[in-house]
Amino acid sequence: MVQTRKQAREATPVAAAAPSKQTPPPSPKRSKASAAELVDEEDRVTFGIIDLLRFLGGAVLLCSTLSILITGDSYVWGKEKVARQYWNVIRKTWTTPIYMDEATLALYNGTDTALPIYLSINGTIYDVTAGRSKYGPGGGYAFFAGRDASRAYITGDFKNDLTWDVSGIDEQRVQQALGHWVKFFANHDTYIFVGYLTKTPKEPPADKASSSPEPEQEHTADEL
Ligand code: HEM
709 MVQTRKQARE
719 ATPVAAAAPS
729 KQTPPPSPKR
739 SKASAAELVD
749 EEDRVTFGII
759 DLLRFLGGAV
769 LLCSTLSILI
779 TGDSYVWGKE
789 KVARQYWNVI
799 RKTWTTPIYM
809 DEATLALYNG
819 TDTALPIYLS
829 INGTIYDVTA
839 GRSKYGPGGG
849 YAFFAGRDAS
859 RAYITGDFKN
869 DLTWDVSGID
879 EQRVQQALGH
889 WVKFFANHDT
899 YIFVGYLTKT
909 PKEPPADKAS
919 SSPEPEQEHT
929 ADEL
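Quick note on my numbering: the sequence shown kicks off at 709 and runs consecutively.
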């Protein structure tokens, strides 16, 4: 016959009622002191933000130690690229963005080797020094350095379209082509977010100067 725990307990009242040999009944004085101690202890055992950070730090340290012991050469289980991408997101959250005008950005085109190489896309500036072979002088994409050439990323015209002005291009094409490169730089593992370009409005052509100018098409990173 199968007995429930309750039935089993009821069936053996003597054993259940028998005082434990190991735990003698506490004296009233002792139990009073314990209650006070417990209250104190309860106050002491709070799990604050510092404890949480300590716990997380310890977990990360343990995980990294295990990774280096097991893989022999990686602190992040061989996922350096993903780890750098996450790190870039965290860093972007903490970084105070720098706002730069076009003339200042032009100084960071790679010709001055003491400076990092910056480029801007859709108004967001990245440090692409890690890609010096491509963006530095003589590199295949050197024309992207020190400026925002968003239009050229869409059209592929690397002579005439080195401008951020994408007006007149089909919206869907902008979303697709520019969006691709916006994500490329935002998610790149070695290019670093720097800040934003303060764009100088383009002069309208002489024949349109008198008419009211079209508002510039602005694309947020989320839109692309
Ligand atoms: C709209 C047209 C194009 C745009 C906007 C574009 C843009 C770029 C950019 C920004 C990079 C650098 C990626 C990085 O930082 O790692 C790159 C790399 C590269 N592109 Fe293009 N590209 C275009 C068309 C082409 C075409 C048509 C070819 C082939 C004939 C090509 C061949 C390459 C190669 C081989 C690389 C790698 C260079 C390297 O790693 O050193 N691209 N492209």
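In this text, a Cβ means the ideal position worked out from N, Cα and C, and glycines have one as well. Just so it is clear, the structure is predicted and the values come from calculations on it, not from any experiment.
- Residue 742 and residue 751 have their C-alpha atoms some 14 Å from each other.
- Annotated as proximal: residue 835 and residue 826, with beta-carbon spacing under 7 Å.
- When the Cα atoms are used, residue 794 and residue 868 turn out to be separated by approximately 36 Å.
- In the structure shown, residue 898 adopts coil according to DSSP, grouped into three states.
- Residue 873 and residue 859 do touch by the CB rule: their CB atoms are close to 6 Å apart, below 8 Å.
- Judged by the Cβ position, residue 839 qualifies as a neighbour of the ligand HEM at the 6 Å threshold, a heavy atom of the ligand being closer than this.
- The alpha carbon of residue 876 has as its nearest neighbour, out of 889, 862, 888 and 866, the alpha carbon of 862.
- Residue pairing of residue 856 in beta bridges, as defined by DSSP: 828.
- Between the segment 806-824 and the segment 899-906, the count of Cβ pairs shorter than 8 Å is three or higher; the stretches touch.
- As far as DSSP is concerned, residue 820 takes part in no beta bridge.
- Straight through space, the alpha carbons of residue 897 and residue 889 are spaced by roughly 14 Å.
- Listed as beta-bridge partners of residue 751 by DSSP are no residues whatsoever.
- Judged by DSSP secondary structure, residue 843 falls within the alpha helix (DSSP H) whose first and last residues are 840-843.
- Closer than 6 Å to some heavy atom of the ligand HEM: that describes the Cβ of residue 861.
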